Structures are given as structure tokens and as C-alpha cells.
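Below is one structure, written out as C-alpha cells, with a few remarks after it.
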Amino acid sequence: GAGVSQTPSNKVTEKGKYVELRCDPISGHTALYWYRQSLGQGPEFLIYFQGTGAADDSGLPNDRFFAVRPEGSVSTLKIQRTERGDSAVYLCASSFNTGGTDTQYFGPGTRLTVL
Amino acid sequence: GDSVTQMEGPVTLSEEAFLTINCTYTATGYPSLFWYVQYPGEGLQLLLKATKADDKGSNKGFEATYRKETTSFHLEKGSVQVSDSAVYFCALSGRGGSNYQLIWGAGTKLIIKP
């Protein structure tokens, strides 16, 4: 079956612009996660959805970052007034349930470059 | 807070060599432990996992044992192939009572030469 997909695969924008990154999770997965990965580092947790609600957004770095999942499937990560420090690969993952033993399946990521 | 420490790379080996990539962790409670692999140009894939102490995860010839006494989860393979060249990430689930967040090591790049 289809895995997690993310669009676009690459996004180049100018400082101060607004961007949206999309994630399509595996069908039937109730949990969805966003992570950010900077060069040479492991991913860093941003936000977690259970169904339509953001159950934990403690990893969002500031109020320029926002994410939604209005129908409990597709999610969009929104970044306002982008800064050069936002440049990274943004990863989306989904899992069937939540819980420490559940496998999170990752998408290929969106590489965001802020000029 | 919870953290994961991996050996620094790159690790360069010849084909058929024995592989060990060290991973140690600090965590409250009893996390699950994971190894993910990222092949060139691809997304992160789960390689193996262990959910409790003394469990051994295994897949594709790779193994790792959850050692609570040494807080370690070292990745091993008896005979590596060129196709194993990738970046390997050790991770644990949870932060206190939040057992869904994955906490990651920095990754170890593995290069296998023919």
C-alpha cells in the first residue's frame, strides 16, 4: 500500500514569506507527527496529532509555526514570516495507534530552504 | 531530559566486516528503543526495535539488545554489504509520560567499501 507522502519535496522561499507543507499519512493511521531535521542531526519533534486535534504541540519552536489536520487525515504545517534558521528537512510520520511501541512510518520529507 | 548518544561517524568498513554502532540513552521510565536507517535519497525506515529490557530486535541480519543495566542498544551485524551503506539513527520513545515522541541520536553514517 501507499506510504506516507509529503509535498512539495523541495521548497525554496525568501525570508519573510509564508509556506505550507503537506503530509498525507498512511490510510487508517490515527496518529500523525511532524519532525524537523537539520543537517547532520537527528529529527526533532514538533507536533503530534491524534485524530483531528493537536495532542502535543510542545515542540513547535515559536508562534510562527502552526499545523492543522482538519479531517483527521491530511495535515498541513504552516510557517509564517520564514527565517533563514527555519531551513531544514521537515518530516512527517504516521502510526496506527499511539504508544511507545508503535512504529512510526516516515515520509520522504520536504526540504525547506529560506534565502 | 531524555537523550540518545550515538558513536560519531562516518564509520568505514570493508565488505564482510563485523559492524558495531554504539548507542546509549538516558531516560525516565521504561522507553522503547529503535534503530532507523536512511538510505541515500530515501526516507527514514524502521530497522528494528525492542520494547523492554533484554529484548533483542533483529532484521536483515542486524541485531540490537536492550540493555537496561548499561542503558545501551548497540547495533551489530556479522557481515556487512555495500548495500548497507546508509545513515543509522538510534531513537527512544517517550519523554516522561509522553510515550509517542521519538528522541533521536545524531545519526551514524556507515560506508561499506567493496
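Residue numbers (my numbering), protein chains in the order written: chain A, 1 to 115; chain B, 1001 to 1114.
We treat Cβ as the ideally placed atom computed from N, Cα and C, and that holds for glycine.
Remember, predicted model here, so these are calculated numbers, not experimental data.
Is the beta carbon of residue j closer than 9 Å to that of residue i?
i, j, result
"lysine 1052 of chain B", "serine 1032 of chain B", "yes"
"tyrosine 1039 of chain B", "serine 1085 of chain B", "yes"
"serine 75 of chain A", "leucine 32 of chain A", "yes"
Which of helix, strand or coil does DSSP assign to residue i?
i, result
"aspartate 86 of chain A", "helix"
"valine 74 of chain A", "coil"
"valine 1080 of chain B", "coil"
"threonine 113 of chain A", "strand"
"isoleucine 26 of chain A", "coil"
"arginine 1095 of chain B", "With a pLDDT of 49 at arginine 1095 of chain B, under the threshold of 50, the modelled position of this residue cannot be trusted, and the question is left open."
"alanine 2 of chain A", "coil"
"phenylalanine 1018 of chain B", "coil"
"leucine 46 of chain A", "strand"
"glutamate 1063 of chain B", "strand"
"alanine 1027 of chain B", "coil"
Spatial neighbours of residue i within its chain, please: C-beta separation below 7 Å, excluding the five flanking residues on both sides.
i, result
"aspartate 86 of chain A", "Ile79, Leu112 and Val114"
"arginine 1095 of chain B", "Residue placement at arginine 1095 of chain B is poorly supported in this model, since its pLDDT is 49, which falls under 50; the coordinates still yield a value, given next. Contacts found: Gly1001, Asp1002, Gln1101 and Ile1103."
"arginine 64 of chain A", "Ile79, Gln80 and Arg81"
"valine 19 of chain A", "Lys11, Thr13, Ile79, Thr82 and Leu112"
"methionine 1007 of chain B", "Ile1021, Asn1022 and Thr1108"
Which residues in the same chain as residue i place their Cβ atom closer than 6 Å to its Cβ, once the five residues preceding and following it in sequence are excluded?
i, result
"arginine 21 of chain A", "Reading off the sequence, residue 21 of chain A comes out as leucine, not arginine. So the qualifying residues of the chain are Leu77, Tyr90 and Thr110."
"threonine 1024 of chain B", "Thr1005, Thr1071 and Ser1072"
Can you list, in chain order, the residues of its chain whose CB lies under 8 Å from that of residue i, leaving out five sequence neighbours each side?
i, result
"aspartate 56 of chain A", "Ile47 and Tyr48"
Any contact between the region 1106-1113 of chain B and the region 1057-1073 of chain B? By contact I mean 3 or more CB pairs, one from each, below 8 Å. no
Any contact between the region 40-47 of chain A and the region 13-28 of chain A? By contact I mean 3 or more CB pairs, one from each, below 8 Å. no
Interface positions of the region 45-57 of chain A facing chain B (Cβ-Cβ less than 9 Å), listed along the chain: Phe45, Tyr48, Gln50, Ala55 and Asp56
The region 15-41 of chain A: positions lying closer than 8 Å to chain B by Cβ: Ala31, Tyr33, Tyr35, Gly40 and Gln41
Check whether the region 1035-1050 of chain B and the region 1085-1093 of chain B touch, using three or more Cβ-Cβ pairs below 8 Å as the test. yes
Residues, ordered as in the chain, of the region 1056-1089 of chain B that lie near chain A by beta-carbon distance below 8 Å: Phe1089
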